[in-house]
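Protein chains in written order, with numbering that gives the first Met the number 0: chain A, 0 to 468; chain B, 0 to 468.
Idealized CB from N, CA, C, for every residue including glycine.
What you are looking at is a predicted structure, and each value in this text was computed from that prediction instead of being measured.
Written below as structure tokens is the structure these notes are about.
Number of protein chains: 2
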Amino acid sequence: MAVQREPSLSPGLRQQLAKIVGAEYCLTDPVARESYAYDSTPGYRAFPAAVLLPASTEEVAEVVRLCAEAGLGITPRGAGTNLSGGTVPVDGGVVICFTRMQKILSVDLANQTAVVEPGVVTAHFHQAVEAQGLFFPPDPGSQSVSTLGGNVAENAGGLRGLKYGVTRDYVLGLEAVLADGSVIQTGSQTLKNVTGYNLTQLLCGSEGTLALFTKLILRLLPRPAARRSFLAYFTDIERAAVTVPTLVEAGVLPATLEIMDRITLQAVEEFAHLGLPPGLAAMLLIEVDGQPAQVEAEAAMVEAVLSRSGASEWQAARDESTRERIWSARRAALAALSRRRPATILEDVTVPRGQIPAMFAAIESIASRYQLEIGTFGHAGDGNLHPTILCDLRDQEQISRVEAAVAELFDAALALGGVLSGEHGIGLAKNRFLHRQLDRTVITLQREIKRVFDPQGLLNPGKALGVIP
Amino acid sequence: MAVQREPSLSPGLRQQLAKIVGAEYCLTDPVARESYAYDSTPGYRAFPAAVLLPASTEEVAEVVRLCAEAGLGITPRGAGTNLSGGTVPVDGGVVICFTRMQKILSVDLANQTAVVEPGVVTAHFHQAVEAQGLFFPPDPGSQSVSTLGGNVAENAGGLRGLKYGVTRDYVLGLEAVLADGSVIQTGSQTLKNVTGYNLTQLLCGSEGTLALFTKLILRLLPRPAARRSFLAYFTDIERAAVTVPTLVEAGVLPATLEIMDRITLQAVEEFAHLGLPPGLAAMLLIEVDGQPAQVEAEAAMVEAVLSRSGASEWQAARDESTRERIWSARRAALAALSRRRPATILEDVTVPRGQIPAMFAAIESIASRYQLEIGTFGHAGDGNLHPTILCDLRDQEQISRVEAAVAELFDAALALGGVLSGEHGIGLAKNRFLHRQLDRTVITLQREIKRVFDPQGLLNPGKALGVIP
Chain A
0 MAVQREPSLS
10 PGLRQQLAKI
20 VGAEYCLTDP
30 VARESYAYDS
40 TPGYRAFPAA
50 VLLPASTEEV
60 AEVVRLCAEA
70 GLGITPRGAG
80 TNLSGGTVPV
90 DGGVVICFTR
100 MQKILSVDLA
110 NQTAVVEPGV
120 VTAHFHQAVE
130 AQGLFFPPDP
140 GSQSVSTLGG
150 NVAENAGGLR
160 GLKYGVTRDY
170 VLGLEAVLAD
180 GSVIQTGSQT
190 LKNVTGYNLT
200 QLLCGSEGTL
210 ALFTKLILRL
220 LPRPAARRSF
230 LAYFTDIERA
240 AVTVPTLVEA
250 GVLPATLEIM
260 DRITLQAVEE
270 FAHLGLPPGL
280 AAMLLIEVDG
290 QPAQVEAEAA
300 MVEAVLSRSG
310 ASEWQAARDE
320 STRERIWSAR
330 RAALAALSRR
340 RPATILEDVT
350 VPRGQIPAMF
360 AAIESIASRY
370 QLEIGTFGHA
380 GDGNLHPTIL
390 CDLRDQEQIS
400 RVEAAVAELF
410 DAALALGGVL
420 SGEHGIGLAK
430 NRFLHRQLDR
440 TVITLQREIK
450 RVFDPQGLLN
460 PGKALGVIP
Chain B
0 MAVQREPSLS
10 PGLRQQLAKI
20 VGAEYCLTDP
30 VARESYAYDS
40 TPGYRAFPAA
50 VLLPASTEEV
60 AEVVRLCAEA
70 GLGITPRGAG
80 TNLSGGTVPV
90 DGGVVICFTR
100 MQKILSVDLA
110 NQTAVVEPGV
120 VTAHFHQAVE
130 AQGLFFPPDP
140 GSQSVSTLGG
150 NVAENAGGLR
160 GLKYGVTRDY
170 VLGLEAVLAD
180 GSVIQTGSQT
190 LKNVTGYNLT
200 QLLCGSEGTL
210 ALFTKLILRL
220 LPRPAARRSF
230 LAYFTDIERA
240 AVTVPTLVEA
250 GVLPATLEIM
260 DRITLQAVEE
270 FAHLGLPPGL
280 AAMLLIEVDG
290 QPAQVEAEAA
300 MVEAVLSRSG
310 ASEWQAARDE
320 STRERIWSAR
330 RAALAALSRR
340 RPATILEDVT
350 VPRGQIPAMF
360 AAIESIASRY
370 QLEIGTFGHA
380 GDGNLHPTIL
390 CDLRDQEQIS
400 RVEAAVAELF
410 DAALALGGVL
420 SGEHGIGLAK
430 NRFLHRQLDR
440 TVITLQREIK
450 RVFDPQGLLN
460 PGKALGVIP
């Protein structure tokens with residue numbers, strides 16, 4: 000992708016923007032613009048004309064009004080942990096970065112809801128509500144730096160999705176700035192609300208293309224009182240994969256049910272020296288949580304399934320330090336894989352849970368045909384896998400194989416009743432594949448909805464809406 | 000409301016429609032048209048020109064294409080249990096009734112999903128999946144006759160909403176016929192899916208105004224292995240109301256947490272002779288469910304809260320027959336209230352859970368000022384109350400007091416951070432109040448989205464989109 004080095008603002012516009020957010024929060028120098036030219040997706044990079052860091056809804060609305068008048072594109076972003084190029088400012092307009100809007104405005108214990116600004120870091124929010132005996136389940140892998148606004152814009156998933164669902168399941172309402180600078184409220188502080196169309200859920204996962212969020216009303220749960228983790232090693236990936244639906248069919252609904260394949264485990268062992276046994280083909284990580292008595296009961300069910308699963312070895316974490324050791328392997332997965340090659344192309348194809356064994360077989364076949372190293376880990380309980388292609392973006396011949404392999408991964412997932420993306424979004428990276436999943440009528444409907452919200456096409460230009468072949 | 004007795008089809012159109020669905024499923028005689036002129040909402044009645052009962056997606060699509068060409072309005076309906084007038088064919092067009100499309104097409108045990116036609120009766124679906132060890136939580140009061148398509152169109156709630164959420168939380172995807180007769184697929188069979196805008200959730204709760212559903216992909220859970228019900232009597236409504244948030248703050252998430260007030264309890268006792276103690280001001284019905292050990296633990300927490308709650312008496316159902324007796328009181332509520340006056344105006348204002356005591360105080364004040372008998376029951380855990388005004392639609396003077404009281408109920412709920420409707424929808428009955436909750440920009444956005452899906456305004460005309468004052 001061509002890097003636009005010199006988009007720039009007219010001096011007049013720059014002055015007006017600086018007046019709204021304050022001169023020190025209107026960044027136009029090359030270093031700052033370069034810092035906001037990319038996100039966590041390899042291969043995408045584009046300089047914005049300016050980076051704006053507003054501090055309030057009013058400032059966001061004023062900036063948007065000014066951009067709308069000037070016909071200038073706006074790429075919203077939080078911490079830039081996006082994995083589909085969704086926060087790369089490809090049109091050379093402005094980036095609005097929400098990291099200064101980081102207040103937890105209220106936590107309502109009786110109603111179990113919170114109102115937050117979009118720039119609150121996910122893990123900070125976890126800590127804040129857990130200190131009050133509450134629980135916010137969505138926990139994307141990037142939680143220690145990702146922001147809640149970005150999580151909502153992408154409808155981020157995480158490790159607790161099987162039992163608790165994804166970000167959108169915890170969004171009750173939004174305050175949002177539309178493309179003309181007007182401010183709307185969607186949803187409510189109530190748990191139930193059928194007044195009007197569900198704009199809240201339309202906006203969740205809309206990848207910054209419909210509106211900019213300035214407040215989030217989030218639903219919380221009581222904090223689970225106990226949890227128990229299990230680790231199971233397999234010398235055969237098929238057996239591990241089959242254990243996933245078997246566990247759920249047995250009536251257990253684990254909070255977490257993760258899988259890691261041979262390549263991922265090798266990378267983790269080289270990286271973190273956890274003392275994993277050699278010759279492993281797969282590992283499952285399972286965690287049940289809830290009331291202590293419930294955890295005991297579900298743990299017994301997990302043990303019963305694992306003992307018949309053909310696992311070469313399995314263990315329960317009876318204490319917190321063993322749990323930490325078990326979890327560190329999973330948390331290290333992406334970092335460990337990233338160390339092995341200059342780039343990791345991290346996909347997130349998702350299939351119905353029962354198709355996990357077939358999806359693993361498809362990944363293996365694709366890796367072998369294209370002679371690529373693909374490490375796969377992910378949220379097996381949700382059917383959401385992260386086949387991670389280890390590669391070097393400078394090697395053109397290899398990249399053409401990677402591209403062909405990615406296209407085949409998508410086709411394989413779709414053929415199994417799956418989807419292009421479970422949690423990372425379409426963004427730039429999957430935009431040209433959208434029509435493989437959605438038909439022309441649906442893509443057209445989406446574009447017309449986009450036009451209702453953003454007739455000039457200023458919000459996150461170039462993302463998520465696909466191409467009609 | 001004026002009753003349109005004589006809308007009719009041209010003989011040519013009637014013949015074409017009869018050819019699509021079969022002559023016996025194209026009803027145009029006055030008796031049939033009268034049977035589809037109303038739903039469960041008192042005071043609304045309008046004859047359709049014809050009633051069509053298609054048997055397949057193809058038939059629905061062909062009927063819609065023909066209606067689109069003729070510019071004829073379409074009111075979709077299932078069993079007609081709607082409580083906001085949403086299935087009353089006010090424009091005199093055709094009713095498309097989905098009750099013949101009643102097949103459960105598949106239940107996937109590994110993936111815990113099902114695909115069904117929209118006319119499947121909710122309770123039949125409960126029985127079918129429970130027989131396979133699975134569980135479909137949404138259980139609207141009308142479940143024994145209501146259809147799943149209608150539940151999705153209204154985003155129906157029910158008695159298990161506190162722990163399990165509402166219908167939309169179990170809808171993964173839809174097959175839908177658009178206003179021009181084209182057929183789209185939204186969502187997927189996967190638990191996670193961020194490909195494209197969330198059209199599935201936009202359509203859930205859209206009250207038949209955006210598209211007609213022909214297939215539903217539903218998410219299921221493992222069937223809870225155990226449950227325990229509790230009944231608590233109070234001589235003071237305030238104490239009962241305060242117990243609701245207290246229970247949840249204690250860390251229990253009951254499946255069910257219902258309240259009934261004095262007037263409702265009196266009506267139930269007169270109707271069902273359950274032997275309720277005299278002089279009660281309120282009753283709470285609580286049910287916890289899950290793994291047996293979890294139920295034991297949560298039951299102990301409920302008992303601890305109830306013993307400090309100021310309840311005059313409380314009991315746990317230790318066996319299924321006691322549970323049945325406890326539940327029969329709740330199930331009889333609306334029927335019992337209905338017997339006392341010719342009409343019951345059933346509202347469903349919803350407030351944040353912590354505002355339940357304040358909402359009860361507001362209802363009492365409104366009842367007293369307008370000299371009306373209002374029995375209130377509902378899903379207290381969700382903040383979703385059903386103040387039920389007992390009245391006689393023939394008494395014009397009384398009806399004007401009822402109308403003023405309803406408007407004040409809405410204002411009171413909104414002032415407490417609540418919403419007009421928690422689960423019954425806007426339909427006709429709340430259409431003229433919509434702008435009290437939603438501002439002009441949001442109402443305009445909704446109308447523009449409607450126009451994208453249905454440019455001619457043929458789908459469920461006159462419903463849900465409000466008036467701009």
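For Thr86(B), name the three-state secondary structure that DSSP assigns. Indexing the second sequence from 1 puts residue 86(B) at position 87. In the displayed model, Thr86(B) falls within coil according to three-state DSSP, outside both helix and strand.
Element boundaries [beta strand (DSSP E), containing Arg226(B)]: Along the second sequence, one-based indexing puts residue 226(B) at 227. Unbroken beta strand (DSSP E) run through Arg226(B): 225–233.
Please classify His123(A): does DSSP put it in a helix, a strand, or coil? Taking the first sequence and counting its residues from 1, one reaches residue 123(A) at position 124. Three-state DSSP puts His123(A) in a helix.
For Ser187(A) and Leu198(A), believed in contact at Cβ under 8 Å, the rounded distance: Residue 198(A) sits at position 199 when you count from the first residue of the first sequence. Residue 187(A) sits at position 188 when you count from the first residue of the first sequence. Contact between Leu198(A) and Ser187(A) fails: their C-beta atoms lie close to 11 Å from each other, not under 8 Å.
Please state whether DSSP places His378(B) in a helix, a strand or coil. For the purposes of this step, residue 378(B) is taken as the residue at position 379 of the second sequence. Reduced to three states, the DSSP call for His378(B) is strand.
Partner residues on chain A for Ser367(B), Cβ-Cβ distance less than 9 Å: Within the second sequence, the letter at position 368 stands for residue 367(B). Within 9 Å Cβ-Cβ: nothing; Ser367(B) doesn't reach chain A, min ~26 Å.
Short CB-CB distance (under 7 Å) between Lys462(A) and chain B: If you number the first sequence from 1, residue 462(A) lands on position 463. It does not: the Cβ of Lys462(A) has no partner Cβ on chain B nearer than 7 Å.
Alpha-carbon spacing of Arg238(B) relative to Arg352(B), whole angstroms: Walking along the second sequence from the start, residue 238(B) turns up at place 239. Walking along the second sequence from the start, residue 352(B) turns up at place 353. Cα-Cα distance, rounded: 14 Å.
With burial defined as no fewer than 16 other Cβ atoms inside 10 Å of the residue's Cβ, what is the status of Arg470(B): buried or exposed? This structure gives no information on residue 470(B), because the portion of chain B shown stretches from 0 to 468.
Beta bridge counterpart(s) of Arg218(B) as assigned by DSSP: As a first step, residue 218(B) is located in the second sequence; it is residue number 219 there, counting from the start. In the DSSP assignment, Arg218(B) is bridged to Thr112(B).
Just the Cα atoms here: how many angstroms apart are Ala428(A) and Thr121(B)? Translated into positions along the first sequence, residue 428(A) becomes position 429. Translated into positions along the second sequence, residue 121(B) becomes position 122. For Ala428(A) and Thr121(B), the distance between alpha carbons rounds to 41 Å.
Limits of the beta strand (DSSP E) - the one that Gly186(A) falls within: Here residue 186(A) is taken as the residue at index 187 of the first sequence, counted from 1. According to the DSSP assignment, Gly186(A) belongs to the beta strand (DSSP E) that extends over 182–186.
Just the Cα atoms here: how many angstroms apart are Gln3(B) and Asp90(B)? Stepping through the second sequence from its first residue, residue 3(B) is reached at position 4. Stepping through the second sequence from its first residue, residue 90(B) is reached at position 91. Low confidence applies to Gln3(B): its pLDDT is 48, below 50, so where it sits in the model is not reliable enough to give any reading.
Determine the burial state of Glu269(B): buried for a count of at least 16 other Cβ atoms within 10 Å of its Cβ, exposed for fewer. For this step, residue 269(B) is matched to residue 270 along the second sequence. Counting Cβ neighbours within 10 Å, Glu269(B) comes out exposed, since fewer than 16 surround it.
Pair within 7 Å by beta-carbon distance, Ile355(A) and Ile373(A): As a first step, residue 355(A) is located in the first sequence; it is residue number 356 there, counting from the start. As a first step, residue 373(A) is located in the first sequence; it is residue number 374 there, counting from the start. The Cβ-Cβ distance between Ile355(A) and Ile373(A) does not fall below 7 Å.
Pull out every residue of the stretch 155–170 of chain B whose Cβ sits closer than 9 Å to any Cβ of chain A, in chain order. Only Ala155, Gly156, Gly160, Leu161, Gly164, Val165, Arg167, Asp168 from the stretch 155–170 of chain B bring a Cβ to less than 9 Å from some Cβ of chain A.
Any C-beta of chain A sitting closer than 7 Å to the C-beta of Asn192(B)? The count along the second sequence starts at 1 and reaches residue 192(B) at position 193. Among the CB atoms of chain A, one or more fall inside 7 Å of the CB of Asn192(B).
Of the residues that make up the stretch 95–112 of chain B, which ones have a beta carbon closer than 8 Å to any beta carbon in chain A? Near chain A, meaning a CB-to-CB distance below 8 Å, the residues of the stretch 95–112 of chain B are Asp107, Leu108, Ala109, Asn110, Gln111, Thr112.
Limits of the unbroken alpha helix (DSSP H) element including Pro291(B): Counting from one through the second sequence, the residue named residue 291(B) turns up at place 292. For Pro291(B), the enclosing alpha helix (DSSP H) stretches over residues 291–306.
7 Å is my cut-off, CB to CB: does Ser114(A) come that close to chain B? Looking up residue 114(A) in the first sequence gives position 115. A quick correction: the sequence has Val, not Ser, at residue 114(A). Taking Cβ atoms only, chain B never reaches closer than 7 Å to Val114(A), which makes this a no.
Short-range partners of chain A found in the stretch 274–300 of chain B, where Cβ spacing is below 8 Å: Against chain A - using a Cβ distance shorter than 8 Å - the residues of the stretch 274–300 of chain B are Gly289, Gln290, Pro291, Ala292, Gln293, Glu295, Ala296, Glu297.
Taking Glu422(A) as the query, report the chain B residues whose CB atoms sit under 8 Å from its CB, ordered along the chain. Here the question's residue 422(A) lines up with position 423 in the first sequence. The answer, in chain order, is Lys191, Val193.
If Val176(A) sits next to Thr56(A), beta carbons under 8 Å apart, how far is it from one beta carbon to the other, in whole angstroms? In the first sequence, counting from the first residue as 1, residue 176(A) sits at position 177. In the first sequence, counting from the first residue as 1, residue 56(A) sits at position 57. With 8 Å as the limit, Val176(A) and Thr56(A) qualify as a contact, their Cβ atoms being about 7 Å apart.
Going by C-alpha distance, which of Glu68(A), Asn110(A), Gly149(A), Gly416(A) is nearest Ser221(A)? Here the question's residue 221(A) lines up with position 222 in the first sequence. Per the sequence shown, the amino acid found at residue 221(A) is Pro instead of Ser. Of Glu68(A), Asn110(A), Gly149(A), Gly416(A), the residue nearest in Cα terms is Asn110(A).
Please state whether the Cβ-Cβ distance between Leu419(B) and Gln445(B) is less than 7 Å. One-based indexing of the second sequence puts residue 419(B) at position 420. One-based indexing of the second sequence puts residue 445(B) at position 446. Between Leu419(B) and Gln445(B), the CB-CB gap reaches or exceeds 7 Å.
Look up Arg471(B) in the DSSP assignment and give the residues it is bridged to. The requested residue 471(B) does not occur in the structure, where chain B is confined to residues 0 to 468.
Asn383(A) by DSSP, collapsed to three states: which one? Numbered from 1 along the first sequence, position 384 holds the residue referred to as residue 383(A). Of the three classes helix, strand and coil, the one that applies to Asn383(A) here is strand, per DSSP.
Within the chosen definition, does the stretch 69–79 of chain A reach the stretch 145–152 of chain A through at least 3 CB pairs nearer than 8 Å? In this structure the stretch 69–79 of chain A touches the stretch 145–152 of chain A; the number of beta carbon pairs closer than 8 Å is three or more.
Best match in Gly92(A), Glu396(A), Thr208(A) for proximity to Lys462(A) [C-alpha to C-alpha]: The residue given as residue 462(A) occupies position 463 in the first sequence. When C-alpha distances from Lys462(A) are compared across Gly92(A), Glu396(A), Thr208(A), the shortest belongs to Thr208(A).
Can you tell me the Cα-Cα spacing of Ser205(A) and Arg450(A), whole angstroms? Counted from its first residue, the first sequence places residue 205(A) at position 206. Counted from its first residue, the first sequence places residue 450(A) at position 451. Computed Cα separation, rounded: 13 Å.
Chain-ordered chain B contacts of Ser181(A) [CB-CB under 8 Å]: As a working note, residue 181(A) is residue 182 in the first sequence. Thr440, listed in chain order.
Select from Thr349(B), Gly382(B), Gly180(B) the residue whose C-alpha is nearest the C-alpha of Val241(B). As a first step, residue 241(B) must be located in the second sequence, where it is residue number 242. Looking at the Cα atoms, Gly382(B) is the closest of the given residues.
With 16 other Cβ atoms within 10 Å as the buried cut-off, status of His385(B): Numbered from its first residue, the second sequence carries residue 385(B) at position 386. Residue environment for His385(B): buried (at least 16 other C-beta atoms within 10 angstroms of its C-beta).
Between which residues of its own chain and Met282(A) is the CB-CB distance below 8 Å, once the five residues before and five after are set aside? By 1-based counting over the first sequence, the position of residue 282(A) is 283. Excluding sequence neighbours, Met282(A) sits near Leu230, Ala231, Tyr232, Phe233, Ala239, Ile258, Met259, Leu264, Leu275, Ala328.
Out of curiosity, what's the CA-to-CA distance linking Cys66(B) and Ala225(A)? Here residue 66(B) refers to the residue found at position 67 when the second sequence is read from its first residue. Here residue 225(A) refers to the residue found at position 226 when the first sequence is read from its first residue. Going by the C-alpha atoms only, they are around 58 Å apart.
Do we get a CB-CB distance below 7 Å when we pair Asp138(A) with the residues of chain B? Against the first sequence, residue 138(A) aligns to sequence position 139. Asp138(A) does not count as touching chain B.
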